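**Student:**
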Amino acid sequence: MTTRADFLSGVRVELQDPGPTNYTWSDALLQAILKDGLAQLALDLPPLKEIILAAVVGQRDYILLPGTLALGSGGIAEVQFPVGFVVPEGKTGPQYAGATYLAASDFQPFEQRWELIAGAGDSNILRFRYALAQTGNIIVRAFTVYTAPANDAATLDVNGRDEVALKWAVCARALNWLEETRGKRQGSRVVEGQSPGDYYTRLYEAAIRARRKARGIVSGKVVVNG
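Under our numbering, the first residue of the sequence shown carries the number 3, and numbering increases by one thereafter.
1. Quick one: grab the DSSP three-state call for Val-225.
2. Would you tell me roughly how many angstroms separate the C-alpha atoms of Trp-179 and Ala-34, rounded to the nearest one?
3. Tell me Asn-153's beta-bridge partners as DSSP assigns them.
4. Is Leu-40 helix, strand or coil when you go by DSSP?
5. Mind checking whether Asn-139 and Ala-56 have CB atoms under 8 Å apart?
6. Within 10 angstroms of the Cβ of Arg-62, are there 16 or more other Cβ atoms? Answer buried if so, exposed if not.
7. As a quick exercise: from Thr-183, Glu-181, Ala-176, pick the residue whose alpha carbon is nearest that of Glu-16.
8. Excluding the 5 residues flanking Ala-155 on each side, which residues of the same chain have their C-beta closer than 8 Å to its C-beta?
9. Given a threshold of 16 other Cβ atoms within 10 Å of its Cβ, counted over all protein chains shown, does Val-81 qualify as buried or as exposed?
10. If I follow the unbroken alpha helix (DSSP H) through Leu-128, where does it start and stop?
11. Rounded to whole angstroms, what's the CA-CA distance from Tyr-202 to Val-58? Just pull it up for me.
12. Taking the Cβ atom as the reference point for each residue, do Asp-164 and Leu-43 lie within a distance shorter than 8 Å?
13. Taking all protein chains shown into account, decide if Leu-128 is buried (16 or more other Cβ within 10 angstroms of its Cβ) or exposed.
14. Establish whether the CB of Glu-117 and some CB of chain B are separated by less than 8 Å.
15. In terms of alpha-carbon separation, which member of Thr-149, Ser-197, Glu-182 lies closest to Pro-48?
16. By the DSSP assignment, the alpha helix (DSSP H) with Asp-8 in it spans what residues?
17. Taking Cβ positions, are Leu-158 and Phe-9 nearer each other than 8 Å?
18. Quick check on the DSSP output: the beta strand (DSSP E) that includes Gln-82 runs from which residue to which?
19. When the Cα of Glu-52 is compared with those of Ile-141, Arg-214, Arg-115, which residue comes out closest?
20. If I measure Cβ to Cβ from Pro-198 and keep anything under 7 Å in the same chain, skipping five residues before and after, which residues do I get?
In structure tokens:
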């Protein structure tokens, strides 16, 4: 597992900015660029994770925290409730409001449905067609986002095979930032296709294409195998 300190140290070596004094990019700046890189990687290679929600008797709506889903409703691969029973996606319109199925009745889990209701900003609600009548865990398997490491000792929330792509993304952003800063000071602008960061952008895009092919992601659409 790679820590934030080790990862950013590798970035500095790649950018020939070893320091330890007179860094071209401050630690705080590289950490901010790393967050941007993780956000970009989540759009191109979102990680499939499990989100666990606590079921409440009589409740239909369950909040998915802002910043949780990378691809919206299309990124939800599976919802289970009770655990082990897959709930199909379906409509949960107002005609179902107030309807509750009883755990002791003949109702079957596959008769339940779920729908993702997009709210303002990045707020999302997982809504069930029928209010739940028992407690337990709701398992949501979804393409989510990468968690930014909180400190230098924290490990990256990235598959080891994707760290190289992340490195190229961070290097590209760092060089583009440097070029833009110098351009503003000198009153010039960067000609498209001639930025020093373009080399790393091409490396990043090639790495993403290779990983998408390996993970079954084609043409920008997520394909869940099995």
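Quick reminder that beta carbons are idealized off the backbone N, C-alpha and C, glycines included. What you are looking at is a predicted structure, and each value in this text was computed from that prediction instead of being measured.
**Tutor:** Walking through what the data contain:
1. The predicted model places Val-225 with a pLDDT of 38, which falls under 50 and marks its position as unreliable, so this point remains unresolved.
2. 12 Å
3. The partner list for Asn-153 (beta bridge, DSSP) is empty, contrary to what the question assumes.
4. Looking at Leu-40 - three-state DSSP - the assignment turns out to be helix.
5. yes
6. That one is buried.
7. Its Cα nearest to that of Glu-16, the residue Ala-176 stands out among Thr-183, Glu-181, Ala-176.
8. Thr-5, Arg-6, Ala-7
9. That one is buried.
10. Leu-128 -> not in any alpha helix (DSSP H); beta strand (DSSP E) instead, spanning 126-130.
11. 48 Å
12. yes
13. buried
14. The displayed structure is made up of one protein chain only, and chain B is not part of it.
15. Thr-149
16. From DSSP, the alpha helix (DSSP H) with Asp-8 extends over 6-16.
17. yes
18. 78-82
19. Ile-141
20. Leu-177, Glu-181
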